[in-house]
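S.K.: Going down the list, the sequences are from chains A and B. Per the working numbering, the first sequence runs over residues 132 to 422. Per the working numbering, the second sequence runs over residues 90 to 365.
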Amino acid sequence: MQTLRGTKFAIFLGLFPALVIYLGIAIVPIGLSLYYSLMNWNGIGSMTFAGFDNYMKILTDDTFWLSVKNNVIIMVTGLIGQLPLGLLLALLLNRGLKGSGIFRTIGFMPVVISSVMVSLIWGMVYNTEYGMLNNLLSMIGLDGWRRNWLGDSTWSMLSISIAYIWQNCGLYMVIFLAALQNIPDEVNEAAELDGATGWRRTLRITIPMIRGTIMVGVVYSISNSFRVFDLIQILTGGGPAHQTEVMTIYMYNSAFINMRYGYGSAVSILVLLFSLIVISVINRFGREKEV
Amino acid sequence: MKRKSGLYRLFAYTFLCLFAIINVIPLFWMVVNSFKTEQEYAAGPFSFPKTLQFANYARAWEVANMNVYFLNSIIITFASLIITVLLGALAAYFLSRFKFKLRGVTYGAFLLGMLVPIHATLIPIFLIMQKLRLLDTYWSLILPYTAFHLSLTVFILEGFMRSFPKDLEESGVMDGAGVYRIFWSIILPITRPALATVIILNFIYNWNEYLFALVLITSTELKTLPLGLANFVGIETASLTLQMAALTIALIPILIFYLLLQKQLVNGMTAGAVKG
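In structure tokens:
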């Protein structure tokens, strides 16, 4: 292809528009975030250099640490909810039971529906007076179990986590199912010959075979938990009294409600930093175990 | 391998059915109740409606501005999709079929985008759009949607185009066609399967997007479906059945889309997640 005349210019012309949009809107802003995070700025007046002031203020703000705690709750409940459930479903569906196609279709459905829709539907489920859950409890005679699921601080994060797991579980099911279906038949046959059957085989052979995919699932689940926004913004808006706020909500509120762009940028950098730290720790932990 | 005891089967089906019920019940409950009057719903949230109140749908469509939101979502989704796929395919073509000095760097730069969380870019994008006077226009969403989905688009298309044999373009070169001609009439047509995946993925991601819309759009006339719905439910708290009707209207097209293109959606979204 090098023989074509004017190829270099043609290559440049072909890549240029994509690169401009992509770098300008997806990459450069990260650098800008870093820059703004060192500034004191409300978007209207002049920007003044603040050094690490924003970071210091954030790290001494109790509300911020509350949001970190809630992020950890989402991360942990996501890990112990989505992954084992997804794996179990994948294992069951991998056995070639009749009708597994239908279960897969139903299982993946919440992943395709927008998170806004999922949040609004779960908002109706949890509605104190008219919601599905409380009415269901009343119907089966458990009136005492009725709760203000999203307003009561004992239950609100758990309620959110359940909606979160409901939304994402199907994704892990499909990821694990694809990995299980890639295990060569010889492995299973060899296991059979060695007398490994049932749960023993699942634990000793099948699960180790898809270890790599499980690690991918773990990392994805963690990075996803740091990005959660839509669900909580719509279900509770972070309330009552910051009780369900996560870091992205905290960032959104500081930047777009309180108009503190520098402060908000610093939060967004911290979110990025925290997720990178957790993921690299997990990656290291995962690799050490492999050796 | 297929040795299954009856007990195992019983357990498996019970568990799977339970899971399926939990997945479907909230949606089913919502759709059923959307056909009731408000009184009927308050009296019995688990009964079936005596008569189907289609009037709820007419009112929801009206009150929730559904026609406006649908139209905006369609315009923004398809505009971003067309730009992303065209520019992405062009970039993928040069990255996969040509050798040049900065090829590796450029490709690497595109891949990097799959790791970027949009929250880390939200404030600067808002300020950039403000400066460009694009805030609260279709472009304020089309540009970020394009930028953030170029990575996956380039990744999928580059991988596919790379697999074509090297002498594919030769006949075109013989005929004296230029590189763009070759792209358009030789490469693009045989990339169709990958293009389909990319188009479906871009569609679903753009259609469902909320955070950018929340930050960058303020006028009611420009709101997309997710943003419009979220606002409508926030304001119209008096009538739950009306909310349900509005949500059902928005749910139906996406369910049909899912059932029709299930295989591509499942494979594409899974790959998108694993790579990203």
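A virtual CB, placed ideally from N, CA and C, is assigned to each residue, including glycine.
Could you work out which residue in A/415, A/348, A/298, A/254 is closest to residue 363 of chain B when comparing CA atoms only?
M.R.: As a working note, residue 363 of chain B is residue 274 in the second sequence. With distances taken between Cα atoms, residue 363 of chain B lies closest to A/348.
S.K.: Does the separation of the CB atoms of residue 168 of chain B and residue 231 of chain B fall below 7 Å?
M.R.: Here residue 168 of chain B corresponds to residue number 79 of the second sequence, with the count starting at 1. Here residue 231 of chain B corresponds to residue number 142 of the second sequence, with the count starting at 1. A contact, by the Cβ cut-off of 7 Å.
S.K.: Residues of chain B with CB closer than 7 Å to the CB of residue 156 of chain A, please, in chain order.
M.R.: Looking up residue 156 of chain A in the first sequence gives position 25. What residue 156 of chain A touches in chain B: 214, 232, 233, 236.
S.K.: Only counting the same chain, and skipping five residues up and downstream in sequence, which positions put a Cβ closer than 6 Å to that of residue 210 of chain A?
M.R.: To locate residue 210 of chain A, count along the first sequence from 1; it is residue 79. Cβ within range, chain order: 352.
S.K.: Shorter than 7 Å from the beta carbon of residue 261 of chain A to some beta carbon of chain B?
M.R.: The sequence position of residue 261 of chain A within the first sequence is 130, counting from 1. Yes, its Cβ sits closer than 7 Å to a Cβ of chain B.
S.K.: Do you know whose CA, among B/102, B/253, B/291, lies nearest residue 278 of chain B's CA?
M.R.: Residue mapping note: residue 278 of chain B aligns to position 189 of the second sequence, counting from 1. Of the listed residues, the one whose Cα sits closest to residue 278 of chain B is B/253.
S.K.: Tell me whether residue 180 of chain A is buried or exposed, calling it buried when 16 or more other Cβ atoms sit within 10 Å of its Cβ.
M.R.: Within the first sequence, numbered from 1, the residue matching residue 180 of chain A stands at position 49. That one is exposed.
S.K.: Taking buried to mean at least 16 other C-beta atoms within 10 Å of its own C-beta, is residue 312 of chain B buried or exposed?
M.R.: Working through the second sequence from its first residue, we reach residue 312 of chain B at position 223. By the neighbour-count rule (16 or more Cβ atoms within 10 Å), residue 312 of chain B is buried.
S.K.: Going by CA-CA distance only, name the one from B/334, B/356, B/287 that's closest to residue 144 of chain B.
M.R.: Counted from its first residue, the second sequence places residue 144 of chain B at position 55. Of the listed residues, the one whose Cα sits closest to residue 144 of chain B is B/334.
S.K.: Report buried or exposed for residue 229 of chain B, applying the criterion of at least 16 other Cβ atoms within 10 angstroms of its Cβ.
M.R.: Here residue 229 of chain B is taken as the residue at index 140 of the second sequence, counted from 1. Burial state of residue 229 of chain B is buried, judged by a 10 Å Cβ sphere holding 16 or more other Cβ atoms.
S.K.: Does the distance from the C-beta atom of residue 361 of chain A to that of residue 247 of chain A stay below 7 Å?
M.R.: If you number the first sequence from 1, residue 361 of chain A lands on position 230. If you number the first sequence from 1, residue 247 of chain A lands on position 116. Contact: yes.
S.K.: Say the cut is 6 Å; is the CB of residue 208 of chain A nearer than that to a heavy atom of the ligand NAP?
M.R.: Here there are no bound small molecules, and the ligand NAP is not part of this structure.
S.K.: Can you tell me whether residue 389 of chain A is buried or exposed, with buried defined as 16 or more other CB within 10 angstroms of its CB?
M.R.: Here residue 389 of chain A corresponds to residue number 258 of the first sequence, with the count starting at 1. That one is exposed.
S.K.: Find the residues of chain A that neighbour residue 342 of chain B, judging by a C-beta separation of less than 7 Å, and give them in chain order.
M.R.: The residue you call residue 342 of chain B lines up with position 253 of the second sequence. Listed along chain A is no residue with a C-beta nearer than 7 Å to that of residue 342 of chain B; the closest approach is about 11 Å.
S.K.: Taking 7 Å as the cut-off, decide whether the C-beta atoms of residue 238 of chain A and residue 304 of chain A are in contact.
M.R.: Position 107 of the first sequence, counting from 1, holds the residue named residue 238 of chain A. Position 173 of the first sequence, counting from 1, holds the residue named residue 304 of chain A. Cβ distance < 7 Å, so residue 238 of chain A and residue 304 of chain A count as in contact.
S.K.: Can you name the residues of chain B whose CB is closer than 8 Å to the CB of residue 266 of chain A?
M.R.: In the first sequence, residue 266 of chain A corresponds to position 135, counting from 1. The contacting residues are 134, 135.
S.K.: Thinking C-alpha only, which one of A/355, A/358, A/380 is nearest residue 367 of chain A?
M.R.: As a first step, residue 367 of chain A is located in the first sequence; it is residue number 236 there, counting from the start. Closest option to residue 367 of chain A, Cα to Cα, is A/380.
S.K.: At 4 residues or longer, and completely inside the stretch 135 to 207 of chain A: list those alpha helix (DSSP H) runs for me, N to C.
M.R.: 138 to 153, 159 to 167, 184 to 190
S.K.: Go ahead and pull the three-state DSSP assignment for residue 90 of chain B.
M.R.: Translated into the one-based positions of the second sequence, residue 90 of chain B becomes position 1. Because the pLDDT of residue 90 of chain B is 42, which lies under 50, any placement of that residue in the model is unreliable, and the question is left without a value.
S.K.: Have a look at A/216, A/221, A/144, A/217 and flag the residue whose alpha-carbon is nearest the alpha-carbon of residue 176 of chain B.
M.R.: Residue numbering aside, residue 176 of chain B sits at position 87 when the second sequence is read from its first letter. Ranking A/216, A/221, A/144, A/217 by Cα distance to residue 176 of chain B puts A/144 first.
S.K.: Any beta carbon of chain A sitting closer than 7 Å to that of residue 126 of chain B?
M.R.: The sequence position of residue 126 of chain B within the second sequence is 37, counting from 1. With 7 Å as the cut-off, residue 126 of chain B does not count as an interface residue toward chain A.
S.K.: Using a Cβ cut-off of 8 Å, pull out every chain B residue sitting near residue 302 of chain A, in sequence order please.
M.R.: Sequence index remark: in the first sequence, residue 302 of chain A carries index 171 (1-based). Neighbours of residue 302 of chain A on chain B, chain order: 358, 359, 362.
S.K.: Out of A/290, A/284, A/358, which one is the CA nearest neighbour of residue 265 of chain A?
M.R.: Taking the first sequence and counting its residues from 1, the one referred to as residue 265 of chain A is at position 134. Here the closest residue by C-alpha is A/290.
S.K.: Whole-angstrom Cβ separation of residue 124 of chain B and residue 142 of chain A, contact assumed at under 8 Å?
M.R.: Translated into the one-based positions of the second sequence, residue 124 of chain B becomes position 35. Translated into the one-based positions of the first sequence, residue 142 of chain A becomes position 11. 58 Å between Cβ atoms; not a contact.
S.K.: So which residues of chain B does residue 315 of chain A contact, with C-beta pairs closer than 7 Å?
M.R.: Residue mapping note: residue 315 of chain A aligns to position 184 of the first sequence, counting from 1. Ordered by position in chain B, no residue passes the 7 Å Cβ test against residue 315 of chain A, which lies about 12 Å from the chain.
S.K.: Using a 10 Å radius around the Cβ and a threshold of 16 neighbouring Cβ atoms, would you call residue 276 of chain A buried or exposed?
M.R.: Taking the first residue of the first sequence as 1, we reach residue 276 of chain A at position 145. Residue 276 of chain A comes out exposed.
S.K.: Whose C-alpha, out of A/337, A/358, A/372, A/323, is nearest the C-alpha of residue 404 of chain A?
M.R.: Locating residue 404 of chain A in the first sequence gives position 273, where the first residue counts as 1. Ranked by Cα distance from residue 404 of chain A, the options A/337, A/358, A/372, A/323 are led by A/358.
S.K.: Cβ of residue 209 of chain B less than 7 Å from any chain A Cβ?
M.R.: For the purposes of this step, residue 209 of chain B is identified with residue 120 of the second sequence, where counting begins at 1. Yes, residue 209 of chain B counts as interfacial toward chain A.
S.K.: Please decide whether residue 307 of chain A counts as near chain B, where near means a Cβ-Cβ distance under 7 Å.
M.R.: In the first sequence, the residue the question calls residue 307 of chain A occupies position 176. Chain B, which has no Cβ nearer than 7 Å to the Cβ of residue 307 of chain A, makes this no.
S.K.: Would you call residue 130 of chain B buried or exposed, if buried means 16 or more other Cβ atoms sit within 10 Å of its Cβ?
M.R.: The count along the second sequence starts at 1 and reaches residue 130 of chain B at position 41. Answer is buried; the Cβ neighbour count reaches 16.
S.K.: Here's a check: name, in chain order, each residue in its chain whose Cβ is nearer than 8 Å to the Cβ of residue 359 of chain B, leaving out the five neighbours to either side.
M.R.: Reading the second sequence from its first residue, position 270 is the one you call residue 359 of chain B. Same-chain partners within the cutoff: there are none.
S.K.: Given a threshold of 16 other Cβ atoms within 10 Å of its Cβ, counted over all protein chains shown, does residue 398 of chain A qualify as buried or as exposed?
M.R.: In the first sequence, the residue the question calls residue 398 of chain A occupies position 267. Residue 398 of chain A comes out buried.
S.K.: With distances taken from CA atoms, which of A/262, A/364, A/416, A/153 is nearest residue 235 of chain B?
M.R.: Looking up residue 235 of chain B in the second sequence gives position 146. Nearest C-alpha to residue 235 of chain B: A/153.
S.K.: Buried or exposed for residue 185 of chain A, please, with buried defined as at least 16 other CB atoms from any protein chain shown within 10 angstroms of its CB.
M.R.: Numbered from its first residue, the first sequence carries residue 185 of chain A at position 54. By the neighbour-count rule (16 or more Cβ atoms within 10 Å), residue 185 of chain A is buried.
S.K.: Check distances from the C-beta atoms of the stretch 134 to 153 of chain B to those of chain A and list, in chain order, the residues that come in under 7 Å.
M.R.: Residues passing the 7 Å Cβ filter: 134, 135.
S.K.: State the Cα-Cα distance for the pair residue 113 of chain B and residue 103 of chain B, rounded to the nearest angstrom.
M.R.: Start at 1 with the first residue of the second sequence, and residue 113 of chain B comes out as number 24. Start at 1 with the first residue of the second sequence, and residue 103 of chain B comes out as number 14. Cα to Cα, the separation comes out at about 15 Å.
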